[in-house]
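S.K.: Sharing a structure with you now.
Chains as they are written, first to last, in the numbering used here: chain A, 71 to 187; chain B, 108 to 219.
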């Protein structure tokens, strides 16, 4: 099956710093990737849709200037949490859709746990 | 909005079949039923999907009622590693770039 990786798997940072999370599709090309956030004991919440070569589409309530998304290639999307604060501590999960497949299966990365002190 | 209803939690004895129900009474004719699961601190994992007919793969079986208003995911011989949150999701066959929308899912605990 298709593999999606994320780096780092976990990160601890100080309040006010920025953190970049990478999402890669390892064996397929993805024109579209999705970013989710999950707080403890809650379900996944869609943050934004990342489109290769164009601007991301953010869900209502998600600050686009705080959560910068760059999808510069068909295999890489990055999420940068700018000026992170403790309330940004969460589990961030990316997902990618195989552009070459007709059935639009969505594959998930292993997640990145962000802790902001 | 998630268009499915699932029990909040279920227990299952190790080695027994785990039957996870899902109600999707407003499902339309062009929508698939998908099942994913999320083991603690991991990304969601695809299990199975179906449209009308029952489906089986190496992980599970999916039984969809004739009226398609509900379905059951069956793990035939549950192991401790099947402890996870199971999500039932409906989405159109021609979903394009529409992302998966997750509801609250069912927390399955497999007990030794």
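Heads up, the beta-carbon is just placed ideally off N, CA and C, and yes, glycines get one too.
Going by DSSP, what residues sit across from residue 147/A in a beta bridge?
M.R.: Translated into the one-based positions of the first chain, residue 147/A becomes position 77. Paired residues: 93/A.
S.K.: Against residue 148/B, what residues of chain A qualify as contacts under a CB-to-CB distance less than 8 Å, listed in chain order?
M.R.: Numbered from 1 along the second chain, position 41 holds the residue referred to as residue 148/B. Here the neighbours are 161, 181 and 183.
S.K.: Could one say the Cβ of residue 151/B lies closer than 9 Å to chain A's Cβ atoms, at least one of them?
M.R.: Taking the first residue of the second chain as 1, we reach residue 151/B at position 44. Output row for residue 151/B: interface = yes.
S.K.: Given that a residue counts as buried once 16 or more other Cβ atoms are within 10 Å of its Cβ, and exposed if not, what is residue 124/B?
M.R.: For the purposes of this step, residue 124/B is taken as residue 17 along the second chain, with counting starting at 1. Per the 10 Å Cβ criterion, exposed.
S.K.: Using 9 Å as the threshold, is the C-beta distance between residue 104/A and residue 167/A below it?
M.R.: On the first chain, residue 104/A is found 34 positions in, with the first residue counted as 1. On the first chain, residue 167/A is found 97 positions in, with the first residue counted as 1. Yes, the Cβ-Cβ distance between residue 104/A and residue 167/A is below 9 Å.
S.K.: Just the chain B side, please: which residues come within less than 9 Å of residue 116/A by C-beta, in chain order?
M.R.: Locating residue 116/A in the first chain gives position 46, counting from the first residue. Under the 9 Å cutoff, chain B gives 206, 207, 208 and 209.
S.K.: Could you check the C-alpha separation between residue 171/B and residue 126/A for me, to the nearest Å?
M.R.: Your numbering for residue 171/B matches position 64 in the second chain. Your numbering for residue 126/A matches position 56 in the first chain. About 36 Å.
S.K.: Can you name the start and end residues of the beta strand (DSSP E) that residue 157/B belongs to?
M.R.: By 1-based counting over the second chain, the position of residue 157/B is 50. First-last of the beta strand (DSSP E) with residue 157/B: 152 to 157.
S.K.: Could you check which residue in 165/B, 182/B, 157/B and 122/B has the C-alpha nearest to that of residue 173/B?
M.R.: Along the second chain, one-based indexing puts residue 173/B at 66. Ranking 165/B, 182/B, 157/B and 122/B by Cα distance to residue 173/B puts 157/B first.
S.K.: Would you tell me roughly how many angstroms separate the C-alpha atoms of residue 132/B and residue 175/B, rounded to the nearest one?
M.R.: Counted from its first residue, the second chain places residue 132/B at position 25. Counted from its first residue, the second chain places residue 175/B at position 68. So the alpha carbons of these two residues sit roughly 8 Å apart.
S.K.: Residue range of the beta strand (DSSP E) that residue 223/B falls in?
M.R.: No answer is possible for residue 223/B: it lies beyond the span of chain B, which begins at 108 and ends at 219.
S.K.: Please confirm if residue 143/B has its CB atom under 9 Å from at least one CB of chain A.
M.R.: Looking up residue 143/B in the second chain gives position 36. It does; some Cβ of chain A falls within 9 Å.
S.K.: Give me whichever residues DSSP pairs with residue 199/B in a beta bridge.
M.R.: Reading the second chain from its first residue, position 92 is the one you call residue 199/B. Answer by DSSP bridge pairing, in chain order: 138/B.
S.K.: Can the beta-carbon of residue 72/A be found less than 9 Å from the beta-carbon of residue 147/A?
M.R.: Along the first chain, read from residue 1 onward, the residue named residue 72/A stands at position 2. Along the first chain, read from residue 1 onward, the residue named residue 147/A stands at position 77. Taking 9 Å as the Cβ cut-off, residue 72/A and residue 147/A do not qualify as a contacting pair.
S.K.: Do we get a CB-CB distance below 9 Å when we pair residue 157/A with the residues of chain B?
M.R.: Your numbering for residue 157/A matches position 87 in the first chain. No, no contact with chain B.
S.K.: Within 10 angstroms of its Cβ, does residue 141/A collect 16 or more other Cβ (buried), or is it exposed?
M.R.: Start at 1 with the first residue of the first chain, and residue 141/A comes out as number 71. With 16 or more Cβ atoms within 10 Å of its Cβ, residue 141/A is classed as buried.
S.K.: State the Cα-Cα distance for the pair residue 134/B and residue 140/B, rounded to the nearest angstrom.
M.R.: Numbered from 1 along the second chain, position 27 holds the residue referred to as residue 134/B. Numbered from 1 along the second chain, position 33 holds the residue referred to as residue 140/B. Going from the Cα of residue 134/B to the Cα of residue 140/B covers about 9 Å.
S.K.: So, is the C-beta of residue 119/A closer than 9 Å to a C-beta in chain B?
M.R.: Mapped onto the first chain, residue 119/A falls at position 49. Yes, residue 119/A lies at the interface with chain B (some Cβ there is under 9 Å from its Cβ).
S.K.: Alpha carbon to alpha carbon, how far is residue 197/B from residue 151/B?
M.R.: The residue labelled residue 197/B in the question sits at position 90 within the second chain. The residue labelled residue 151/B in the question sits at position 44 within the second chain. Between residue 197/B and residue 151/B, the C-alpha separation is close to 16 Å.
S.K.: Would you please verify whether the beta carbon of residue 94/A is less than 9 Å from any beta carbon of chain B?
M.R.: As a position in the first chain, residue 94/A is number 24, starting the count at 1. Chain B, which has no Cβ nearer than 9 Å to the Cβ of residue 94/A, makes this no.
S.K.: Taking CB distances under 9 Å as the criterion, tell me whether residue 163/B reaches chain A.
M.R.: Stepping through the second chain from its first residue, residue 163/B is reached at position 56. Not closer than 9 Å to any Cβ of chain A, the Cβ of residue 163/B fails to qualify, so no.
S.K.: Using only alpha-carbon positions, find the residue among 74/A, 87/A and 79/A that is nearest to residue 155/A.
M.R.: Walking along the first chain from the start, residue 155/A turns up at place 85. Considering only alpha carbons, the answer is 87/A.
S.K.: Tell me which residues share the same chain as residue 214/B and place their Cβ nearer than 6 Å to its Cβ, disregarding the 5 neighbours each side in the sequence.
M.R.: On the second chain, residue 214/B is found 107 positions in, with the first residue counted as 1. If we look at residue 214/B and ignore the five residues flanking it on each side, its Cβ neighbours are 116 and 192.
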